[in-house]
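This report refers to the structure that appears directly beneath it.
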Amino acid sequence: MKPYLSERLKQIKPSPTMAISDKARELRAAGEDVISLSQGEPDFETPDHIKQAALKAMRDGHTRYTSVDGIPELKSAICTKFKQDNQLSYDQSQISVSTGGKQVLYNAFMATLNPGDEVVIPAPYWVSYPDMVVLAEGRPVFVPCPAENNFKLTAKDLEAAITPATRWLILNSPSNPTGSVYSRAELEALAGVLLRHPDVLIMTDDIYEHLIYGDAHFFTLAQVEPELIFRTLTCNGMSKTYCMTGWRIGFAGGPEPLIKAMAKLQSQSTSNPTSISQYAATAALNGGREFLAEMLAAYEERRDTVVKLLGNIEGITCATPDGAFYVYPSCAGLLGAIAPTGERLENDTAVGSYLLDAAKVTVVPGEAFGLPGHFRVSYATAIENLVEACDRIRLACEKLTLS
Ligand SMILES: Cc1ncc(COP(=O)(O)O)c(C=O)c1O
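Terminal number for the sequence shown in my numbering: 404, no gaps in between.
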């Protein structure tokens with residue numbers, strides 16, 4: 002029998018973060034007391050008024066196909082959101098709604114990339130970007146953004162990465178995996194470069210927009226440089242802010258021809274996102290965000306706790322990021338260390354495995370995000386879990402013989 006997997010599929014790998022979460026679930030099912038710091042979703046429930054809206058949608062009979070890329074009520078709520086939160090004016094014809102932010106990005110790449118087109122991806126990056134680009138036969142071009150730059154892309158590095166083959170730049174702020182947030186001035190500097198390269202499209206992944214702490218402020222590129230709105234896809238979604246990961250609603254505002262192309266693709270794949278989720282998302286966007294204050298206070302306290310506890314461990318250094326629910330500590334000081342088993346921790350993947358074995362804590366190794374020597378910790382879990390996990394990590398690290 003001929004091999005049945007396509008060449009295309011062979012080029013990609015399963016999401017490493019999901020693989021680690023699966024492993025944690027497996028170990029737990031086998032009776033191990035594993036603390037997961039690898040999850041990419043809020044640990045809070047979807048607010049009740051959103052659930053009620055879903056129940057009402059079902060009772061009202063909104064259980065059928067809808068228009069492919071979103072019901073008008075939801076598109077209208079999204080236009081209002083963009084206007085109020087980001088000072089961006091979009092018509093409904095410039096809005097796309099999909100099955101999660103993931104599908105928005107996927108549609109955009111599939112609709113625009115030709116073989117060999119380059120996509121500039123600042124590293125560390127969210128794990129799905131490169132594989133989506135590869136599926137669409139594009140070529141990811143990684144730009145390392147080290148800790149000294151707070152893991153952010155500089156204008157100089159962007160300029161150097163752009164070639165005649167560049168089709169897209171992806172920007173993700175607040176960032177998964179680092180929690181870094183671009184300031185207005187930093188975005189202005191990037192916009193200055195992009196204005197000189199009119200063929201480059203820009204995808205801003207703003208899905209963590211509202212998870213931002215202290216004095217930090219969120220800005221998105223098209224807001225900072227309105228001339229770029231004609232070639233920017235401003236992506237967002239319900240998963241993180243509204244704790245709606247399972248409902249699968251993502252959206253974007255962008256140039257109408259691109260939005261139409263994405264709808265064409267979606268019409269031949271999933272069709273509309275779930276009708277009930279769309280009504281729930283409409284209620285969420287129209288309903289205010291009073292519930293967020295409590296969550297943000299909890300996230301901020303957890304962030305500060307984790308940064309402090311990890312920072313006290315020899316071999317680990319941890320900066321304090323401004324957003325999302327991740328920290329991205331360096332484990333450079335642990336590399337080369339010898340475990341009690343005699344095993345040498347050669348890289349961050351070995352550190353991750355050691356922490357799972359010795360501390361029963363899951364983290365995601367930096368290798369998965371394209372900037373090794375670090376690991377990602379998600380603090381979207383109860384503070385008691387975080388304190389216990391950091392304590393276990395400390396004890397495990399104390400058993401290492403550092404080189
Ligand atoms: C940076 C980033 N973008 C997009 C997504 C996609 O989220 P969803 O498909 O749930 O909307 C995620 C989810 O983890 C993410 O971290």
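Every residue gets a Cβ at the ideal spot worked out from N, C-alpha and C, and that includes glycine.
Segment contact flag, the stretch 261 to 271 with the stretch 235 to 244, C-beta cutoff 8 Å, min 3 pairs: no
Alpha-carbon to alpha-carbon, residue 211 and residue 41: As a first step, residue 41 must be located in the sequence shown, where it is residue number 40. As a first step, residue 211 must be located in the sequence shown, where it is residue number 210. So the two alpha carbons sit approximately 15 Å from each other.
Alpha-carbon to alpha-carbon, residue 400 and residue 120: One-based indexing of the sequence shown puts residue 120 at position 119. One-based indexing of the sequence shown puts residue 400 at position 399. Near 43 Å, if we compare the C-alpha coordinates of residue 400 and residue 120.
Secondary structure of residue 387, DSSP reduced to three states: Counting from 1 along the sequence shown, the entry for residue 387 is found at position 386. Residue state, collapsed to three classes: helix.
Residue 101 versus residue 252 - alpha carbon distance: The residue you call residue 101 lines up with position 100 of the sequence shown. The residue you call residue 252 lines up with position 251 of the sequence shown. Between residue 101 and residue 252, the C-alpha separation is close to 7 Å.
Where residue 49 sits in the DSSP three-state scheme: Position 48 of the sequence shown, counted from the first residue, corresponds to residue 49. Helix, per DSSP.
Where residue 243 sits in the DSSP three-state scheme: Start at 1 with the first residue of the sequence shown, and residue 243 comes out as number 242. Coil at residue 243, not helix or strand.
Secondary structure of residue 65, DSSP reduced to three states: Your numbering for residue 65 matches position 64 in the sequence shown. In the structure shown, residue 65 sits in coil (DSSP, three-state: anything other than H, G, I, E or B).
Close beta carbons around residue 386, own chain, < 6 Å, minus the five adjacent residues each side: On the sequence shown, residue 386 is found 385 positions in, with the first residue counted as 1. The answer, listed in chain order, is 36.
Counted within 10 angstroms of its Cβ, other Cβ atoms place residue 59 as buried (16 or more) or exposed: Counting from 1 along the sequence shown, the entry for residue 59 is found at position 58. Result: exposed.
Check: residue 246 C-beta below 7 Å from any heavy atom of ligand 1: Counted from its first residue, the sequence shown places residue 246 at position 245. Under cutoff, so the answer is yes.
Where residue 66 falls, given that 16 or more other Cβ within 10 Å makes a residue buried: Walking along the sequence shown from the start, residue 66 turns up at place 65. Its Cβ having fewer than 16 others within 10 Å, residue 66 is exposed.
Residue 349 beta carbon near ligand 1 (any heavy atom closer than 7 Å): Residue 349 sits at position 348 when you count from the first residue of the sequence shown. No.
Residue 163 and residue 206 closer than 8 Å at C-beta: Walking along the sequence shown from the start, residue 163 turns up at place 162. Walking along the sequence shown from the start, residue 206 turns up at place 205. Contact flag unset, no.
Residue 183 (DSSP reduced to helix, strand or coil): As a working note, residue 183 is residue 182 in the sequence shown. Three-state result, residue 183: coil.
Whole-number beta carbon distance between residue 328 and residue 307, since they are thought to touch under 8 Å: Residue mapping note: residue 307 aligns to position 306 of the sequence shown, counting from 1. Residue mapping note: residue 328 aligns to position 327 of the sequence shown, counting from 1. With 8 Å as the limit, residue 307 and residue 328 qualify as a contact, their Cβ atoms being about 6 Å apart.
Three-state secondary structure (DSSP) of residue 99: Here residue 99 refers to the residue found at position 98 when the sequence shown is read from its first residue. Of the three classes helix, strand and coil, the one that applies to residue 99 here is strand, per DSSP.
Own chain residues within Cβ distance below 6 Å of residue 256, not counting five before or after: Stepping through the sequence shown from its first residue, residue 256 is reached at position 255. 231, listed in sequence order.
Residue 206 Cβ short of 7 Å to ligand 1 heavy atom set: In the sequence shown, counting from the first residue as 1, residue 206 sits at position 205. Checking the Cβ of residue 206 against ligand 1 gives yes.
Ranges of the alpha helix (DSSP H) found wholly within the stretch 198 to 281, counting only runs of at least 4: 222 to 225, 257 to 268
Contact test: residue 251 Cβ vs ligand 1 heavy atom, cutoff 7 Å: What you label residue 251 is simply residue 250 of the sequence shown in a count that begins at 1. Yes.
Own chain partners of residue 390 with C-beta closer than 6 Å, once the 5 adjacent residues on each side are dropped: Start at 1 with the first residue of the sequence shown, and residue 390 comes out as number 389. Correct list, in chain order: 36, 38, 362.
Of the residues 80, 247, 216, the one placed nearest residue 278, counting alpha carbons only: Taking the first residue of the sequence shown as 1, we reach residue 278 at position 277. It is 247.
Cβ-based burial, residue 197 [other Cβ within 10 Å; buried from 16]: Counting from 1 along the sequence shown, the entry for residue 197 is found at position 196. Classification of residue 197: exposed, given that the 10 Å Cβ count is below 16.
Residue 176 to residue 143 span [Cα, whole Å]: Taking the sequence shown and counting its residues from 1, one reaches residue 176 at position 175. Taking the sequence shown and counting its residues from 1, one reaches residue 143 at position 142. For residue 176 and residue 143, the distance between alpha carbons rounds to 15 Å.
Span separating the alpha-carbon of residue 23 from that of residue 295: Taking the sequence shown and counting its residues from 1, one reaches residue 23 at position 22. Taking the sequence shown and counting its residues from 1, one reaches residue 295 at position 294. Each residue's alpha carbon lies about 29 Å from the other.
Contact under 8 Å by Cβ, residue 408 with residue 323: Nothing about residue 408 can be read from this structure; the chain reaches only from 2 to 404.
Cβ contact check for the stretch 187 to 194 and the stretch 151 to 160: 3 or more pairs under 8 Å: yes
From 63, 106, 77, 209, residue whose alpha carbon lies closest to that of residue 94: The residue given as residue 94 occupies position 93 in the sequence shown. Ranking the options by Cα distance to residue 94, first place goes to 77.
For residue 10, the first and last residue of its enclosing beta strand (DSSP E): Residue mapping note: residue 10 aligns to position 9 of the sequence shown, counting from 1. Looking at the DSSP string, residue 10 is not in any beta strand (DSSP E); the run it does join, the alpha helix (DSSP H), is 8 to 11.
Cα-Cα separation, residue 75 to residue 97: Residue 75 sits at position 74 when you count from the first residue of the sequence shown. Residue 97 sits at position 96 when you count from the first residue of the sequence shown. For residue 75 and residue 97, the distance between alpha carbons rounds to 10 Å.
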